[in-house]
Every structure is written in structure tokens, then in C-alpha cells.
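Chemist: Quick note: the sequence shown uses the numbering used here, first residue 196, plus one each step. Every residue, glycine too, gets a C-beta built ideally from N, C-alpha and C.
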Amino acid sequence: MIYKWKISEISDSQRITDLAREAGIHEIIAQLLVNRGADSPEKMKKFFHPSLDDQHDPFLMSGMDIAVKRAIAALERDEKIIVYGDYDVDGTTGAALLYMFFRELGADVDYYIPDRLKEGYGISITGVNYALNNGCTLMVSVDCGVAASTEISYGKSRGIETIVCDHHEVETLPDAVAVLDPIKPGCNYPFKYLSGCGVAYKFAKAISIQLSKPALPDSYLDLVAIAAAADVVPLIDENRILVQAGFKAIAEQPRAGIKALLKTSHVDQRKLTTGQISFIVAPKINAVGRLGDARRAVELLVTDNEEVAEDFAQVLENENTHRRMLDERTFIEAQELANELSLNGNRNSLVLHKASWHPGVIGIVAARIVEQYYRPTIMLATNDGVIKGSARSIAGYDIFEAIKACSDLLIQFGGHKYAAGLSLDPKNLEQFVEKFEYVVSSTLDDELKTPVIEIDAVLDLNTINGEFMSMLKQFEPFGPQNPRPTFLSQNLFLSDARILNGSHLKMKVKVNGVTYDAIKFRNGETNVRVGDRLDIVYSLEENHYAGNIYYQLQVKDYKKSK
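(1) Should the region 699-718 be called in touch with the region 673-683, which here means at least 3 C-beta pairs below 8 angstroms?
(2) Report yes if the C-beta distance between residue 715 and residue 700 is below 7 angstroms; otherwise report no.
(3) For the alpha helix (DSSP H) containing residue 731, name the first residue and the last one.
(4) Do residue 467 and residue 453 have their C-beta atoms closer together than 7 angstroms?
(5) Within the continuous alpha helix (DSSP H) that includes residue 479, where are the two ends?
(6) Count the other CB atoms, across all protein chains shown, that sit within 10 Å of the CB of residue 523; report buried if there are 16 or more and exposed otherwise.
(7) Rank 360, 479, 462, 569 by C-alpha distance to the C-alpha of residue 537 and give the top, closest one.
(8) Compute the Euclidean distance between the alpha carbons of residue 246 and residue 497, then round it to the nearest angstrom.
(9) What do you reckon, are the CB atoms on residue 373 and residue 261 nearer than 7 angstroms?
(10) Using 7 angstroms as the threshold, is the C-beta distance between residue 422 and residue 390 below it?
(11) Can you tell me which residues form a DSSP beta bridge with residue 691?
(12) Check whether the Cβ atoms of residue 585 and residue 557 sit closer than 7 angstroms, and answer yes or no.
(13) So what does residue 548 bridge to, in DSSP terms?
(14) Below 8 angstroms on the Cβ atoms is my guess for residue 356 versus residue 323; work out the distance and round it to an integer in Å.
(15) Quick check on residue 336: buried or exposed, where buried means 16 or more other Cβ atoms within 10 Å of its Cβ?
(16) In this structure, does DSSP put residue 725 in helix, strand or coil?
(17) Measure from the alpha carbon of residue 341 to the alpha carbon of each residue in 729, 303, 375, 382, then state which is nearest.
(18) Please report the residue range of the alpha helix (DSSP H) in which residue 568 lies.
(19) By DSSP, does residue 671 sit in helix, in strand, or in coil?
(20) Taking residue 417 as part of the alpha helix (DSSP H), name the residues at either end of that continuous run.
(21) Three-state secondary structure (DSSP) at residue 325?
(22) On the three-pair Cβ rule with 8 angstroms, is the region 250-261 touching the region 382-397?
(23) Measuring straight from C-alpha to C-alpha, what distance separates residue 384 and residue 255?
(24) Hey, residue 438 and residue 460: beta-carbon distance below 7 angstroms or not?
(25) In whole angstroms, what separates the C-alpha of residue 266 from that of residue 259?
(26) For the beta strand (DSSP E) that contains residue 396, what are its first and last residues?
(27) Between which two residues does the alpha helix (DSSP H) harbouring residue 534 extend?
(28) If you follow the beta strand (DSSP E) that residue 633 is part of, which residue opens it and which one closes it?
(29) Short of 7 angstroms in beta carbon distance, which residues of its chain neighbour residue 296, apart from the five on each side in sequence? Order them along the chain.
(30) Is the beta carbon of residue 392 less than 7 angstroms from the beta carbon of residue 285?
(31) Answer yes if the region 544-562 comes into contact with the region 572-587, meaning at least three C-beta pairs across the two stretches below 8 angstroms, and no otherwise.
(32) Quick check: does the Cβ of residue 578 come within less than 6 angstroms of any heavy atom belonging to the ligand ATP?
(33) Beta-carbon separation of residue 225 and residue 233 under 7 angstroms?
Following this line, the structure appears as C-alpha cells:
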């Protein structure tokens, strides 16, 4: 794939020079900090050492005072509370958090996670009936609920009131006791990018403040950190505070379920990264929700018994192995369909349908198809006579609005700019495919069709040493709006190049007599030879082998030097 390289502009070179001098740091480090808004020694200190004391007051969130009052009343009246979570990582961690929190306060509490295939996303009538049949009078939803007007009204008519903890956007709010959502209309909460679990934590925090136990929910920050990393929310401001505190808790004393999950994942709890959560740990939690019963993920997270935790962790491991097999088979079939569409014309979108595809994996595969073909993509499967799908977009293009423009052909749809879900009658499939292509072709700017690599700075490889890498590591946790720094180094001499495992390009590059290792994963065809001069875009990794530390360039793209 051809990429466009975009080097970040230096908005204030004098500020960078001043910060480097005042803080005693390299100018490249100062440039990275200024680009992330940490443009003074004071802001740098807060960026590198975030404190829980710098959290925003939870009562700034619209509806919080009402929600807290209702929750405390339920506690005082010994009402039965049910926590209703979504089936993904954000929902299951949030459900586990509130379940354990209310249990710690002595509440009669249960939890419910819907069946993805039978009930779909969000609060379902089946779930509300479960709560009714079990004597619940207060339902607290996590990572869902803001769009469940019908279901919440149904529950209210039968004696169940609802508090919603969500982070999704909706135009019309449900008839709930309170809707806690930092992005709902009229909410002035200063940070808009909390995960669903993060909103649940703020709710628990507010209750604890009211009960004069303000530190009580902080024991669940490990769950908040995992949710934020898995849900790919911006890791700035309050999320940076919560994730760093959560990772610290995992490093020092992980709860039984997380300890078991990290053990089966071969991840060192003391060196946990957001990347390991996103690509190794989170898929295992998600797998049980995609293919089976997501309650097992909550059971893993709430147990104190290490043997039970290890058993559940193995269940998640097995489910994820099955999920990967389904992924790979579905991806190969989706590639074949995408190639057929490409041969039939230069399409601006990909809508791929196969009745037998598993609805639980098509979202993952859609993301992989976007990565390969770089076009807005919808993957569709048929379930009980209805076609259901997952959509994924490219940078800068609002796929939700494109789907909305085709809503006359859909049963229902929902989502946001880069990811959405939809369902339709099979008789409308062909018309939907063509209308969606027409809408995308009419609204997709040509410049968006080429992926862009954002480069933080041009770096002389001779700059890399232990002190420089130590400073880079302090930028963690990495994520949206604080990505792992990406550098460009130019005119590097290629001293060795070979293919590993049939697809990865392993290289050695030399500068001023010093050799550096570099690797480009899933490189495809290679067009370089030893002796070439290359410009390489990469991020830096520190590797440990046989007691030694060495640095490797993880290559994102390369070109022959001009």
C-alpha cells in the first residue's frame, strides 16, 4: 500500500528550545511534549506524573446528583440492583466494577450481560424481563442504554427505574432516572472521552464522595484502565490519569482474574502496555461475547479465587483460539469477494456478504479489510432471516452518515463516525449495496483514499541512547491523541535484508558505522537490496535478549532515498 507521509509542523520552535533548556531534555523530546500540549515544565510534570488528585469532580457530569441520590436510596431501602453491561471489554469491565462496588457497600446486586446473537447490542426486553423476574427495582446500565428508550420505558412501566452510564451519542434521551454521558446534549463535564467503564467509575466515585468514602472505587482502576485501552478512547487528560493508575495497580497487586488472564497471555504484569491490552488481552475477553456467553468474562473479573480465575482464563483462551480460526477463514473469503469487486470496477466502498459468516467476527474482519484495501467497508452475515452487518471506515470519512443516507433500506442502524452496525431485509441487499456505493462515491474526497502516516519528528539515529529511550517510555500509556512517537530517518545504508516467515522484512541499517535492527511486519513484496539508501518511518522499541538491551526500528513505511 502507498502511504502519504506528513511531518508534524513545528508550531513554536522557540517554545521547544526553551522547554528543552528549562527541563534539561533533548529537543526532540521537547518537541513531542509541545505537540501534545505539555509546553511548560509544570505541564510536563503533570504529563509524566499524572495524579488522581487532578481528576475532574464527578458531580460536574449532568445528572450525577440525581443518580447518586437514587442509588443511595436503593442502598438504604435494600432494593435489589441489577447492573446491565454490554458484551465487550468496556461493558464487562464496567459491569464487574459496579457489581463489586455495590456488593462492597452491602447491596443486594446482580448483573446481566445480553447474548450477542439472540439479543443484540444494548438493553433488551429479555434483559429487562430477567431483572423483573429476579425482583430488581433499579437497573444501572454500563456502555449501553442511551439509545434504549423503548426498553427503559418498558422497564419503568413495570417498576424498574434505570440509571444509564454510557459514552455514546444519541439525539433523544431515554426516560431514565438519570443519563450519565459526558457527550449527551447539555452536559458540561470537562472531559468528553471517558469509556463506558470510566463513566461507571465516576458514578461510583460520586456515590463514595457522598458516603464520605472517596477512595473506595480506586481499587477498581485496573478495570478502568483495561476498558480505556481496549475501547481505544483518547489517552489524554483524565483517561491518562486513570490508565496510569490502573496499570500501576496491576503491576503491584493484580486481582485474581486479571492475573490469570495475563498469565495465559504470557504478559508480564510489571511491564503492561496499552498495546498488549488491545491486541492480546482484550480479544480474549471479547471472544466470549462474540461467540458465546459474556457473563464468563465478568465471572473471571469478579472472582477472588485464583483457581477459579485460572479456569475461566483458560475458557477465554480457548474461545479466542476458536475466534481466531473463524477470523482467518472469514478474512480469506472476504478477500476473495473484495478482489472480485475490484476487478469489476474502481469502487469506493466494499459491501461484502456471505450468509454463513459468524456475526461475532465480521467487525474484526471488516477492520482487516479496511487495513488492506483502504475503503469504507461493510461486512454482512445472515442470522434468522435478517442480514446484519458491521461497518468500519477509513481516517476522515464518516461511515455512520453514509449509512444514515441509506436508512430507507434498513431495519435499524447505529454507531459513530468510524464504526457502525446495521440490519436489513435480504430483499433490499442489492439496492443497498449500490446506494451505499453511490453515497460514498459522492462524499469521499480523493485525498482521503490514500492513508497518511503522521510523523512526529525527523530523527538522527545517533540520538538514540538509554537516556533518550527512558524519556520516550515516560510517554506511555500510548493511544489515540498520544500515539507511540513516529520518526523519520533519512539516507540510511541498508546492510542486510531478509524475509522472515514468508512475509516480514528484517533489515539492518547503518549510520556512521553504527548498525540498527529494523523490521517491517506483513511487508508483502520487497523491492530493496543490500546497498540501497533508504528513508524509513518507524517507531522505536526496546528489546531484551540474553541480558542485553538493544533498540529496534519497527518500520511503518520506507522509500528509497532520492
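Modeler: So, from the data block:
(1) no
(2) yes
(3) From DSSP, residue 731 is part of no alpha helix (DSSP H) but of the beta strand (DSSP E) over 728-740.
(4) no
(5) Unbroken alpha helix (DSSP H) run through residue 479: 477-486.
(6) Counting Cβ neighbours within 10 Å, residue 523 comes out exposed, since fewer than 16 surround it.
(7) 569
(8) Taking the straight line from one Cα to the other gives about 26 angstroms.
(9) yes
(10) yes
(11) 703
(12) yes
(13) 575
(14) No, residue 356 and residue 323 are not in contact; Cβ-Cβ is about 12 angstroms, not under 8 angstroms.
(15) buried
(16) coil
(17) 375
(18) 557-568
(19) Note: residue 671 maps to coil in three-state DSSP.
(20) 416-425
(21) Here residue 325 sits in helix by DSSP.
(22) yes
(23) Looking at the two C-alpha atoms, the distance is approximately 5 angstroms.
(24) no
(25) 10 angstroms
(26) It is not in any beta strand (DSSP E) - residue 396 instead sits in the alpha helix (DSSP H) that spans 391-405.
(27) 501-538
(28) From DSSP, residue 633 is part of no beta strand (DSSP E) but of the alpha helix (DSSP H) over 624-638.
(29) 399, 412, 415
(30) Cβ distance < 7 angstroms, so residue 392 and residue 285 count as in contact.
(31) Yes, they touch.
(32) Summarising the ligand content, the structure contains no ligands, and the ligand ATP is consequently not present.
(33) no
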